[in-house]
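Structure, as structure tokens:
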Amino acid sequence: MSGLNALKFIASKRQQGTSPAHARRQKLSAKLHEQIQMAKAVQSGTEFVPVKVRTVRDDATGEMRRVEIPKRLKPWWWSGDNGKMCITVRYGARTLDVVEGKNAIETDTIAGVITTLEVLRAAVDAGELDARIEAVSGLVKAAFSKEEGAIKNGKLKLPAKPAV
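Going by this note's numbering, 207 is the number at position 127 of the sequence shown; the sequence numbering is gapless.
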């Protein structure tokens, strides 16, 4: 019993899961981390190849095994018409407007891209973009909706006109 006296006992309740907003924030933060790693690889002249683990069946033995395959990752930045770098933030297949009506961020160099992505990741982790993420998430959910007046690609889908 003397060993138990050295422990600190408290009354605590385990938290049940995470909120949907926190899960969306973590998803975007992870994607931003991948983009930062890709930009750092471009800056240093190396190649960044993230991998994902897939379970495949071996044809010869029928045994299931886990293999690592490379992820297809597209950069969120490109060189604009004026020679500067432009960055968009993507949530799924949608572009996230960080500021209302503005879908891209302009910077001078790849080092600026890295700095911008790090600032964006800090803002996402702090919860500053939760309202924007929620809006884009709502559009994504509505695109999967089977209802007649569902929103498709950010636009209201109208019912088909009857044939005359």
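Using N, Cα and C, we set each Cβ at its ideal position, and we do this for glycine too.
Extract the residue ranges of the beta strand (DSSP E) inside the segment 126-194, only unbroken runs of 3 or more that lie entirely within it.
131-137, 144-150, 157-159, 165-167, 169-171, 174-176 and 185-187
Rounded to whole angstroms, what is the Cα-Cα separation between M165 and W158?
6 Å
Whose CA, out of F224, A206 and I190, lies closest to the CA of Q123?
I190
Using CA coordinates, which residue listed in T135, P155 and K154 is at the minimum distance from R146?
T135
Contact set for P150: own chain, Cβ-Cβ below 6 Å, skip 5 residues either direction:
V129 and V131
Where K154 and A223 are concerned, what is the direct C-alpha to C-alpha distance, given to the nearest angstrom?
23 Å
Pick from V179, T187 and E198: whose alpha carbon is nearest that of L209?
V179
Do V204 and S82 have their CB atoms nearer than 8 Å?
no
Coil, strand or helix - K120 by DSSP
helix
The alpha helix (DSSP H) spanning A215 covers which residue range?
D210 to A223
Determine, using beta carbons only, whether I213 and L176 come nearer to each other than 8 Å.
yes
Between R137 and the rest of its own chain, which residues show a CB-CB distance below 6 Å, the 5 nearest in sequence each way excluded?
M144
Cβ-based neighbour list, E148, same chain, cut-off 6 Å, excluding 5 preceding and 5 following:
V131 and V133
CB-CB length for V216 against R174, believed under 8 Å:
5 Å
Cβ-Cβ distance between T195 and I185 below 8 Å:
no
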